[in-house]
Amino acid sequence: MTAPEISNVRVRFAPSPTGYLHIGGVRTALFNWLFARHHGGKFILRVDDTDQARNVSDALQPIMDGFKWLGIDWDEGPEVGGPHAPYFQSQRSDIYAAAVEKLLADGSAYKDYSRPEEFAAERQAAEKEKRQFIYSRSWMAKTAADAARFEAEGREAVVRLKLPRTGQCEFQDMVRGAMSFAWAGEQDHVIQRKDGSCLYHLTNVVDDAAFEISHVIRAIEHLPNTPRQIFIARSLGLELPKYAHLPFVAEPGSSNKLSKRKLDKYLKNRDFKVLYDHGERIAKQIGFSAAPETFNPVIIDFYREIGFLPDAILNYLLLLGWSLDDHTEDFSREAMIRDFGLDRINKSPASFDPQKLTAFQSRYMWRLTLDQRLEMVLPYLEKAGLITTPVNEDSRSKVKQILEAANERLSCAGDILDYQEFFLTDEAIEYEEKAFRKRLVNANTQRELLKKLRKPLAETPEYSAHAIEALLRSFVEQEETGLGMIVHALRVALTGKAVGFGLFEILAILGKQSCMTRIDRAIKLAEEAASSNE
RNA sequence: GGCUCCUUCGUCUAGUGGUUAGGACUCGAGAUUUUCAUUCUCGCAACAGGAGUUCAAUUCUCCUAGGAGUCACCA
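Just so we're aligned, residue -7 is where the first sequence starts under the numbering used here, counting upward by one.
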């Protein structure tokens, strides 16, 4: 498929300020952004706040923060301005009012004086008779005299589109091909309220033209809106953008559209729940509290808070409805921009898979250098109060050691908090009950071995993982036993846990002093428990 | 219900008029390993159904079924 020369690409993402950035919105924005960058065009952020009573700047901030964090930058819009400012619809009323006047003047729209209940009654009657509702236009003001008469009755007018009632609206969609809608299926949509404020379809079309938007790339739920928007644009004599309607992002394990309102339902999905719990665990430890409605895997802030990588998220989202070929999965930003195109977007919905997202995240995490991981992880330890702020050199080198020992065990930055035992005081170690019993209380031989090991361990001059390994190996050889006999007891004694990093590394990180204290304490507690058992 | 759309492993997807229908995630088994994780090897698993066109259909056409989106003085 050879793309025609596309020059002067201008695309936009137009969120309404809701206070959070939804994962599906991110994907739509990403596709727009990639398309712009691929073609050397402009990506514009426009704020669709025509109907917001709330504080727009408060509700917009999380959205912009989300994009900034993800590295999706906009060329025109809030904060950066641009040649078509303002980029807030709430500040563009005059432009919309002029457009309405123009539509009124040429008969593409009309003043409708029906009372809401009268209009509703017509609709209900149609529904009752199971026929398609078509407004009678009984209260349409055809002339100034009509208007005066209606107003004398105390009526107020909204402005409705006067849509054609025959024929087809045909257009080309870059994802879905030739589209055709019967005009008869359209309603006379309201474009301006009584108070003069304008509605979405009008503002959207007017602004897309004003901003010289070349391609409208948006979610499929807007497809049915397209004919009326085309009608507005044509009536206004505006040039039509090209349309590309993206399949929506579906719920995990279902083909329903992903929504922020169905958290309870998603929590019943095993994979979603795992991710959610993961995040909650981290949030709790760093003292971050937010309502589940704004802190969950559907909202982008969730990932930033627990230490995901923007590139991993983008890479995952890119592949939700788009692919390059049968094998390429890893896309750096440069590669995405280079390879992205509308022609390989899928038509069917793609469901959000928390496991696959996590898999991408783990992979990206592991690709970072040790120092990069260190910088990511440090803030979590600070927030959890496990290291002091500012971070001193001792902490840094210790955390570095931990990260080396951790290997690929951290899937995101917040996971460092799973290894608190390296930061707690020796007396604060809590033992997993089952492991403690199995490896120390009900394991006389192993406990005795541990006691015996104490001396050589205390006396060894070198306390590196390497030296400790040599020491332990020769120790078990002397005792004519296997490593397994000492490893588990020692791990539980030192960390309180049954599983964890390589044991020799654990010893080295803890240091001789801590190890001695912890071994002594564990033996003492185990012996007490053992004797009280008898 | 009207309109519009969608349908390849559980999930994301590749693909072709003739393929053992490919990859990734997940899952399972084995190997390695001091545990866990990693790593390695192997494996499970899909063309919604039915007609038609054709020597040949997962691929083209039609129908059916299922699923979805949307039907505001929201965006």
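Yeah, the Cβ is synthetic: ideal placement off N, Cα and C, and Gly gets one too. Model, not experiment: these values are computed from the prediction.
- P289 sits close to L267, with the two beta carbons spaced by under 7 Å.
- Between M166 and A225, the CB-CB gap reaches or exceeds 7 Å.
- Here C190 carries a strand assignment [DSSP, helix/strand/coil].
- A residue is called buried once 16 or more other Cβ atoms fall within 10 Å of its Cβ, and A149 is buried on that count.
- As the crow flies, the alpha-carbon of K103 is around 8 Å from that of L96.
- Under the DSSP definition of a beta bridge, S343 partners with A242.
- It is roughly 8 Å from the alpha-carbon of I305 to the alpha-carbon of F352.
- Note that the C-beta distance between K265 and L259 is below 7 Å.
- A170 counts as exposed, since fewer than 16 other beta carbons sit within 10 angstroms of its beta carbon.
- In the structure shown, the three-state DSSP call for S172 is strand.
- Note on geometry: alpha-carbon atoms of G474 and V468 lie some 6 Å from one another.
- Counting along the chain, the unbroken beta strand (DSSP E) around D104 starts and ends at 101 to 104.
- Restricted to the segment 226 to 294, the alpha helix (DSSP H) segments that are unbroken, complete and at least 4 residues in length are 255 to 258, 262 to 277, listed in chain order.
- Contact annotation: I292 and G58 have beta-carbon atoms nearer than 7 Å.
- With fewer than 16 other Cβ atoms from the protein chains shown falling within 10 Å of its own Cβ, E451 counts as exposed.
- For H207, the enclosing beta strand (DSSP E) stretches over residues 207 to 211.
- At least 7 Å separates the beta-carbon of K489 from that of E385.
- A contact between stretches requires three or more CB pairs, one per stretch, nearer than 8 Å, and the segment 506 to 525 meets this requirement with the segment 425 to 435.
- Following the DSSP letters along the chain, one finds I36 inside the beta strand (DSSP E) bounded by residues 34 to 37.
- L395 is positioned such that its CB atom lies closer than 7 Å to that of R365.
- In the structure shown, the three-state DSSP call for M132 is strand.
- Exposed is the label assigned to A113, since fewer than 16 other Cβ atoms lie within 10 Å of its Cβ.
- The residue from Q184, G33, L37, T195 with its alpha-carbon nearest to that of Y105 is Q184.
- Residue environment: K254 is assigned as exposed (fewer than 16 neighbouring CB atoms within 10 Å of its CB, all protein chains considered).
- The beta carbons of R2 and G32 sit no closer together than 7 Å.
- Judged by their CB atoms, L238 and A201 are not nearer to each other than the 7 Å cut-off.
- The alpha carbon of L373 has as its nearest neighbour, out of T350, Q393, A405, R273, the alpha carbon of A405.
- Apart from sequence neighbours up to five positions away, the residues of its chain that approach M132 with a beta-carbon distance below 7 Å are Y102, D104, ordered along the chain.
- Cβ-Cβ distances below 7 Å link I408 to V369, Y372, L373, L402 in the same chain, with the five nearest sequence neighbours on each side left out; the list follows chain order.
- Between L499 and L482, the alpha-carbon positions lie close to 9 Å from each other.
- Take L502, set aside five residues on each side of it, and the residues of its chain with a beta-carbon closer than 8 Å to its own are F414, L486, R510, in chain order.
- Taking 3 residues as the minimum length, the segment 395 to 452 contains no beta strand (DSSP E) run wholly inside it.
- Between P9 and D41, the C-beta spacing is below 7 Å.
- By the Cβ neighbour-count rule, A144 is exposed, with fewer than 16 other Cβ atoms within 10 Å of its own.
- One thing to note: V39 has its Cβ within 7 Å of the Cβ of F80.
- If you check the CB distance, V182 and L194 do not come in under 7 Å.
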